[in-house]
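The next block holds one structure in the form of structure tokens; read it before the comments.
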Amino acid sequence: RRGEQLALAFGQYRQAYQVALRRYEQGAAEYLMVLTAQRSLLASQMELADNTSRVSLAMVNLYKALGGGWAAQTDEKGGQR
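So in this note's numbering, spot 57 of the sequence shown is number 49, and the numbers just go up one at a time.
What follows is the structure in structure tokens.
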């Protein structure tokens, strides 16, 4: 759930950055607006990456706590389920 919210926020910050950049290129905004939007975009990207890392680490810890050592099940076509 949190990952979905962070991904949505990242997409919105990316759009805001693109709008700010276009406005700057058209002479309708100062470059400070572009830098501010870029800073927000990068902060959002870092938060999303941090969340992804925490989720992955939690899964690894769960597998270790459950004993680990099992292979993922595959379907008839050889893909993972």
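We treat Cβ as the ideally placed atom computed from N, Cα and C, and that holds for glycine.
What you are looking at is a predicted structure, and each value in this text was computed from that prediction instead of being measured.
Query	Result
Using beta-carbon positions only, say whether Ala8 and Ala29 come within less than 7 Å of one another.	yes
DSSP state of Arg(-7), grouped into three classes?	coil
Can you tell me whether Tyr55 is buried or exposed, with buried defined as 16 or more other CB within 10 angstroms of its CB?	exposed
Under a three-way DSSP split, which group does Ala12 fall into?	helix
Leu58: buried (16+ other C-beta within 10 angstroms of its C-beta) or exposed?	exposed
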